[in-house]
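Before any comments, here is the structure.
In my numbering, the protein residues as written are 387 to 636.
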């Protein structure tokens with residue numbers, strides 16, 4: 387009888403351990419790799435560009451760029467409460483050390499979607515597409531923001547694709563482009579970027595490098611999406627004394 391009691395207790399302990407481990411595994415799988423919050427009025431007043439956006443179109447992001455850049459899989463909460471679970475291909479590295487991540491939701495993910503993220507030491511830039519909306523991620527001097535580009539109250543470049551309209555071709559197509567480049571077959575467009583003091587103030591330190599690297603990554607992704615056998619390459623960037631109007635649509 388004593389042996390039976392011990393056996394029952396042992397079995398009960400094993401079941402409890404299995405349940406706890408299962409609960410921990412489930413929780414770990416759902417752990418978010420960034421946190422969203424509605425920015426306070428004071429925070430928005432301190433920020434320049436996000437303060438011009440209507441309520442509900444911009445969210446503050448709490449994220450560790452270094453930790454995010456090392457992930458092969460990430461869970462990114464979205465404003466509607468859903469979580470976009472992405473599987474990343476091996477990161478591409480820029481000359482300045484930034485990492486470019488292409489992510490697609492797996493076949494078993496609850497939310498379909500894709501993302502192109504450029505991550506530096508000081509911040510994150512990206513574009514995220516899901517059936518629920520098209521989002522832009524950007525870090526500036528005031529923090530990291532998630533902006534809903536398809537909000538009808540925003541004036542967005544008419545060439546910008548709809549919520550899920552871009553094919554956002556799988557980045558494995560870059561492999562063939564790189565191979566073609568090695569054989570001298572893929573045309574390469576060399577680009578020099580000049581930026582103003584306003585842009586330098588908005589993206590101080592290494593943020594300006596990450597911002598420019600992301601623009602190049604977006605350009606190259608557009609080539610892949612369009613099945614254009616062309617690559618864009620950043621060859622130089624520097625500060626200029628030119629003073630713009632501040633209107634990005636001019």
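Don't be surprised by glycine CBs; every beta carbon is placed ideally from N, CA and C.
Chain B contact for residue i (CB, 8 Å cutoff)
i           : result
residue 520 : This model lacks chain B altogether, as it is built from one protein chain only.
Coil, strand or helix - residue i by DSSP
i           : result
residue 584 : helix
residue 414 : Residue confidence for residue 414 is low, a pLDDT of 41 falling below 50, so the modelled location carries little weight and cannot support an answer.
residue 435 : coil
residue 600 : helix
residue 491 : strand
residue 529 : strand
residue 475 : coil
residue 535 : coil
residue 356 : Outside the shown range of the chain (387 to 636) lies residue 356, about which nothing can therefore be said.
residue 607 : helix
residue 571 : coil
residue 466 : coil
residue 540 : coil
residue 576 : strand
Range covered by the alpha helix (DSSP H) that runs through residue i
i           : result
residue 459 : Where residue 459 is concerned, there is no enclosing alpha helix (DSSP H), although the beta strand (DSSP E) it sits in stretches over 459-463.
residue 519 : Residue 519 -> not in any alpha helix (DSSP H); beta strand (DSSP E) instead, spanning 519-526.
residue 455 : 451-455
Limits of the beta strand (DSSP E) - the one that residue i falls within
i           : result
residue 613 : Run containing residue 613: none; DSSP gives neither H nor E here.
residue 592 : Neither: residue 592 is in no beta strand (DSSP E) and is coded neither H nor E.
residue 512 : 510-516
residue 424 : Premise fails: residue 424 is in no beta strand (DSSP E) and is neither H nor E.
residue 448 : 444-448
Under 8 Å between C-beta atoms of residue i and residue j
i           : j           : result
residue 525 : residue 430 : no
residue 465 : residue 422 : yes
residue 582 : residue 630 : yes
residue 516 : residue 470 : yes
residue 476 : residue 420 : no
residue 587 : residue 510 : no
residue 482 : residue 595 : yes
residue 540 : residue 620 : no
residue 519 : residue 536 : yes
Nonlocal neighbours in the same chain, by C-beta distance under 7 Å from residue i, ignoring five residues either side
i           : result
residue 606 : 617 and 618
residue 624 : 580
residue 591 : 508
residue 505 : 451, 454, 455, 484, 485 and 487
residue 603 : 486, 502 and 504
Residue i classed as buried or exposed, judged by whether at least 16 other C-beta atoms fall within 10 angstroms
i           : result
residue 446 : buried
residue 484 : buried
residue 628 : exposed
residue 455 : buried
residue 622 : exposed
residue 427 : exposed
residue 584 : exposed
residue 413 : At residue 413 the pLDDT is 35, less than 50, meaning the model places this residue with poor confidence; the figure from the coordinates comes in the next sentence. Exposed is the call here.
residue 489 : buried
residue 467 : exposed
residue 573 : exposed
residue 441 : exposed
6 Å CB neighbourhood of residue i in its chain, flanking five on each side removed
i           : result
residue 478 : 486
residue 533 : 444 and 522
residue 609 : 616
residue 514 : 501 and 521
residue 480 : 599
residue 460 : 419 and 472
Distance cut-off 7 Å: residue i Cβ against heavy atoms of the ligand GTP
i           : result
residue 485 : The ligand GTP is not part of the structure shown, which contains no ligands of any sort.
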